[in-house]
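**Q**
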Amino acid sequence: MNSYLALVLETVNFAAEKHRNQRRKDPEQTPYINHPIGVARILSHEGGITDIEVLQAALLHDTVEDTDTSPAELEAMFGPVVARIVQEVTDDKSLPKQERKRLQVEHAPHCSQQAKLVKLADKLYNLRDLNRCMPTGWTAERVQEYFVWASQVVKGLKGTNQALEEKLEELFRQRGIQL
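For what it's worth, the working numbering labels the leading residue of the sequence shown as 5, then goes sequentially.
1) Going by C-alpha to C-alpha distance, which of N130, P75, T73, R104 sits closest to A184?
2) Any idea what DSSP makes of E35, helix, strand or coil?
3) Within a Cβ cutoff of 6 Å, which residues of the same chain sit near C115, ignoring the five residues on either side of it in sequence?
4) State the start and end residues of the unbroken alpha helix (DSSP H) segment that holds R104.
5) How is R45 classed by DSSP in three states: helix, strand or coil?
6) What is the DSSP secondary structure of D28, counted as helix, strand or coil?
7) Ends of the alpha helix (DSSP H) at K120?
8) Suppose contacts are defined by Cβ-Cβ distances below 8 Å. Is T140 in contact with K29 by that definition?
9) Buried or exposed for Y8, please, with buried defined as at least 16 other CB atoms from any protein chain shown within 10 angstroms of its CB.
10) Quick check: the region 174 to 181 against the region 144 to 159, are at least 3 beta-carbon pairs closer than 8 Å?
11) Look at the Cβ atom of T15, then the Cβ atom of L63, and state whether they are nearer than 8 Å.
12) From A119, R24, P31, pick the residue whose C-alpha is nearest to that of C137; which is it?
13) What distance in whole Å lies between the Cβ atoms of V58 and I89, which are believed to be in contact at a cut-off of 8 Å?
14) Would you be able to state if there are at least three C-beta pairs under 8 Å between the region 49 to 56 and the region 100 to 107?
15) Report all residues from its chain with a CB closer than 6 Å to the CB of G42; omit the five preceding and five following residues, and keep chain order.
16) In this structure, does DSSP put P40 in helix, strand or coil?
17) In angstroms, rounded to a whole number, what distance separates the CA positions of F18 and V122?
18) Measuring only the C-alpha atoms, how far is S74 from E170?
19) Roughly how many whole angstroms lie between the Cα atoms of H23 and G180?
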């Protein structure tokens, strides 16, 4: 078996195990693992990304934030580069939500190129998902506020991947948001 394929399968399996009891907030409560797989697919298929560590980080990007996974565990399993990328895109859940959102905007321009790629694909996936259906308990106003906030994060990621940025700009344009 191709060693890259084996690495990707090991990473998908790890993420699936960690997210096994989690669901998305959409009305269908789709399995959470669909999200990191979708983020990795966006990077690969739409962004043209072949860097295995970036693809692994995309698959693992919510494990530290949303499961019992530690950065040390990721480093032991997947190496220091993957662990660093995941850490760069991980919010500190001990902080209030508004502070976490503010820090994402503030930190975006200072992330590594690899972390910026994961962030772009993550935002693209989430915004498409919001266009597809409104999460349970959300209002149209909250969805629009999320788009506005996401546009502020994406501004700090500009110059990272033209293909992904163009897709995001189109989503923002449809909502009347200028980058």
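Just so it is clear, CB atoms sit at the ideal spot from N, CA and C, and this is done for glycine as well.
**A** Put simply:
1) Lying outside 5 to 183, the shown extent of the chain, residue 184 is not represented and no answer is given.
2) Correcting the residue type first, residue 35 is Pro in the shown sequence and not Glu. Correct three-state label for P35: strand.
3) E92
4) 101 to 111
5) helix
6) Just to set this straight, residue 28 is Arg in the shown sequence, not Asp. Of the three classes helix, strand and coil, the one that applies to R28 here is coil, per DSSP.
7) 117 to 136
8) yes
9) exposed
10) yes
11) yes
12) P31
13) 7 Å
14) no
15) Y129
16) helix
17) 18 Å
18) 34 Å
19) 35 Å
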